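Reviewing the structure listed below.
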């Protein structure tokens, strides 16, 4: 029994020792677990900081991308403006070349005109005597014509009494292209409502005007029975007198 008891005691001691070792091992593991938890916590905090930094970097990257895009647009705009400025500059250079060319042409033309004037002056100086002689000859011709005219005015004037009357109207200068009044000069009217004339007693002309001004009231040419011509075998001056009376009537043709 004692031996068995001692055996149990040894086993109990052995169990205690194992329990102590186990407790010690558990304590060590707890320490390690605690240390790991602290490290995990630390890692979480660091990871959180990393996430915040990544978020900030992403935000900065987004802002930088926006700024880069804006800068790219500004660069493109500046390039466009620079290209436009270059085109304007090129156009101005072409205008300047054109103006310089025109200026050279004007200078050349001016020099040519000066040369022509100088040549004309030289020619005028050399031919002045000829021109004076020509002027004197023309003056002599004018004096001769003046003498002839004076002789003509001293000739007697003959007054010719000529019985005459108005008889017809011009086919070109009449009321209209239809020449409505030419066939009846005493009572005719214009069917196109234009101004027209009537010959009254062969000595009076009535002009019947209408509305519309000169466009509708044209000049009308009336002929006399006899023309005013002097005899071909007579060199004397002749005066012909024939009196007519023109009456304007602004009324309807009806």
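In our numbering, the protein residues as written are 925 to 1178. All C-beta atoms in this analysis are idealised placements derived from N, C-alpha and C, irrespective of residue type, glycine included. In this text the structure is predicted, and so the values were computed from the model without any measurement.
{"Item": "Inspect the beta-carbon positions of residue 1090 and residue 1148 and report whether they are closer than 8 Å.", "Value": "yes"}
{"Item": "May I have the straight-line CA-CA distance separating residue 1036 from residue 1028, to the nearest angstrom?", "Value": "12 Å"}
{"Item": "Which residue marks the beginning of the beta strand (DSSP E) containing residue 1128, and which one marks its end?", "Value": "1128 to 1133"}
{"Item": "What would DSSP say about residue 1105, mapped onto helix, strand or coil?", "Value": "coil"}
{"Item": "Between the Cα of residue 1122 and the Cα atoms of 954, 1016 and 1146, which residue gives the shortest distance?", "Value": "1146"}
{"Item": "Would you say residue 1097 and residue 1130 are within 8 Å of each other, going by their C-beta atoms?", "Value": "no"}
{"Item": "Taking the alpha-carbon positions, what's the residue 951 to residue 988 distance?", "Value": "53 Å"}
{"Item": "Are the beta-carbon atoms belonging to residue 1093 and residue 1106 less than 8 Å from one another?", "Value": "yes"}
{"Item": "Under 8 Å, do residue 1112 and residue 1142 count as touching if we go by C-beta distance?", "Value": "no"}
{"Item": "Can you look up residue 1091 in the DSSP assignment and give me helix, strand or coil?", "Value": "strand"}
{"Item": "Mind checking who residue 992 pairs with in its DSSP beta bridge?", "Value": "DSSP lists no partner for residue 992."}
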